[in-house]
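Just so we're on the same page, my numbering is the position in the sequence shown counted from 1, plus 505.
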Amino acid sequence: MSFPTEWQTVRYFFGTPLKVRFPQSIPANQWIWWGVLTWDNCKRHPQRPFVLRLWTGFWSMVVLLGSEWCHNLAHAAVARAIGKPMDEIHVILGLPRVVYHTLNDTSVTPRQHMLRAAAGPLFNLLALALAWVGRRLTRPDTPARDIANVAAITNAAIAGAGMLPIPGIDGGAMLKWGLVAKGRSIEQADRVVRKTNLGLCGGMAGVCAVATRRRKPLIAVLAGLLAALTLAVGMGWIKE
506 MSFPTEWQTV RYFFGTPLKV RFPQSIPANQ WIWWGVLTWD NCKRHPQRPF VLRLWTGFWS
566 MVVLLGSEWC HNLAHAAVAR AIGKPMDEIH VILGLPRVVY HTLNDTSVTP RQHMLRAAAG
626 PLFNLLALAL AWVGRRLTRP DTPARDIANV AAITNAAIAG AGMLPIPGID GGAMLKWGLV
686 AKGRSIEQAD RVVRKTNLGL CGGMAGVCAV ATRRRKPLIA VLAGLLAALT LAVGMGWIKE
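Following this line, the structure appears as structure tokens:
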């Protein structure tokens with residue numbers, strides 16, 4: 506059995522080729538998150554049979570990673586609907602990565618750029634609403650409630666992070682092309698995005714400091730990473 510060592514198309518989603526390559530496309534995230542979520546379920550519900558905890562961890566992993574997959578497929582669906590399909594989707598460690606060959610493609614209008622970018626977070630907001638309904642319909646301390654909780658947290662996190670004005674993610678694209686739609690040049694819009702990231706860096710650093718004082722290590726680490734990322738973007742060390 507041979508594995509593709511160059512990017513190869515395995516199928517199309519909404520006109521966008523889904524490509525894999527060995528070893529980058531090995532589904533490591535699926536195994537890692539199944540283990541992490543099963544471990545979390547074991548820690549919080551030691552009274553449950555192990556098979557049930559394993560089952561809950563598996564479906565929690567499906568919901569978590571499925572939310573990210575559907576986020577990207579929503580981009581592809583809207584891109585196809587407006588007649589400007591995305592170039593490629595690469596599978597990296599079991600997760601999708603959208604690829605545009607030309608970031609500043611002038612054949613795509615600013616409005617179309619914004620619609621493509623907004624599709625993913627809008628899907629996650631819809632999924633968040635469905636997860637909230639699922640939480641209301643399930644009983645506390647049941648596997649169904651645990652899975653609904655994962656769905657709610659995951660989609661809230663993806664939607665929230667996706668709307669940050671960081672180049673390369675949805676919020677950055679929406680801000681940039683929104684400025685272009687109002688008459689700014691692409692270069693001017695990029696400068697505004699960088700300045701916005703410098704301001705965001707200060708906010709993330711503040712969140713990190715507060716979370717550290719309140720002994721919330723996960724929030725502190727995530728905020729610290731975002732502070733470092735937005736600082737690098739703001740200083741021009743990282744570009745789109």
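Yeah, the Cβ is synthetic: ideal placement off N, Cα and C, and Gly gets one too.
Say whether the region 622-633 touches the region 545-553, bearing in mind that this needs 3 or more beta-carbon pairs closer than 8 Å, one atom from each stretch.
-> Cβ pair count under 8 Å is below three, so no.
Stretch-stretch touch, CB-based, cutoff 8 Å, three pairs: the region 653-663 with the region 705-724 | No, they do not touch.
Excluding the 5 residues preceding and the 5 following residue 590 in the sequence, name in chain order all residues of the same chain whose CB lies nearer than 8 Å to its CB.
-> Position 85 of the sequence shown holds residue 590. Within the same chain, and ignoring the five residues on either side of residue 590 in sequence, the residues whose Cβ sits closer than 8 Å to its Cβ are 519, 520, 521, 581, 584.
Apply the 10 Å Cβ neighbour rule to residue 682 and answer buried if 16 or more other Cβ atoms are within range, or exposed otherwise.
-> One-based indexing of the sequence shown puts residue 682 at position 177. With 16 or more Cβ atoms within 10 Å of its Cβ, residue 682 is classed as buried.
Distance between beta carbons of residue 735 and residue 671, contact taken as under 8 Å = For the purposes of this step, residue 671 is taken as residue 166 along the sequence shown, with counting starting at 1. For the purposes of this step, residue 735 is taken as residue 230 along the sequence shown, with counting starting at 1. Contact holds; Cβ gap of about 6 Å.
Assigned secondary structure, residue 621 (DSSP; H/G/I helix, E/B strand, else coil) = For the purposes of this step, residue 621 is identified with residue 116 of the sequence shown, where counting begins at 1. Helix, per DSSP.
DSSP on residue 529, reduced to helix/strand/coil?
-> The residue given as residue 529 occupies position 24 in the sequence shown. The answer is coil: DSSP assigns residue 529 none of H, G, I, E or B.
Name the two residues that bound the continuous beta strand (DSSP E) containing residue 518.
-> Counting from one through the sequence shown, the residue named residue 518 turns up at place 13. First-last of the beta strand (DSSP E) with residue 518: 513-518.
Span of the alpha helix (DSSP H) around residue 595 = Position 90 of the sequence shown, counted from the first residue, corresponds to residue 595. Unbroken run through residue 595 is the beta strand (DSSP E), 593-597; no alpha helix (DSSP H).
Contact check, residue 709 vs residue 728, beta carbons under 8 Å = For the purposes of this step, residue 709 is taken as the residue at position 204 of the sequence shown. For the purposes of this step, residue 728 is taken as the residue at position 223 of the sequence shown. For residue 709 and residue 728, yes; Cβs fall inside 8 Å.
Do residue 679 and residue 740 come within 8 Å of each other at the CB atom, strictly closer than that value?
-> Within the sequence shown, the letter at position 235 stands for residue 740. Within the sequence shown, the letter at position 174 stands for residue 679. Cβ atoms of residue 740 and residue 679: not closer than 8 Å.
For the putative contact between residue 524 and residue 595, defined by C-beta atoms under 8 Å, what is the C-beta separation to the nearest angstrom?
-> Position 19 of the sequence shown, counted from the start, is the residue given in the question as residue 524. Position 90 of the sequence shown, counted from the start, is the residue given in the question as residue 595. At roughly 5 Å, the Cβ-Cβ gap stays under 8 Å, so residue 524 and residue 595 are in contact.
Could you pull the start and end residues of the beta strand (DSSP E) that residue 602 belongs to?
-> Reading the sequence shown from its first residue, position 97 is the one you call residue 602. Where residue 602 is concerned, the enclosing beta strand (DSSP E) stretches over 600-604.
So, using beta-carbon positions, are residue 664 and residue 626 closer together than 8 Å?
-> Residue numbering aside, residue 664 sits at position 159 when the sequence shown is read from its first letter. Residue numbering aside, residue 626 sits at position 121 when the sequence shown is read from its first letter. Yes, they are a contact pair.
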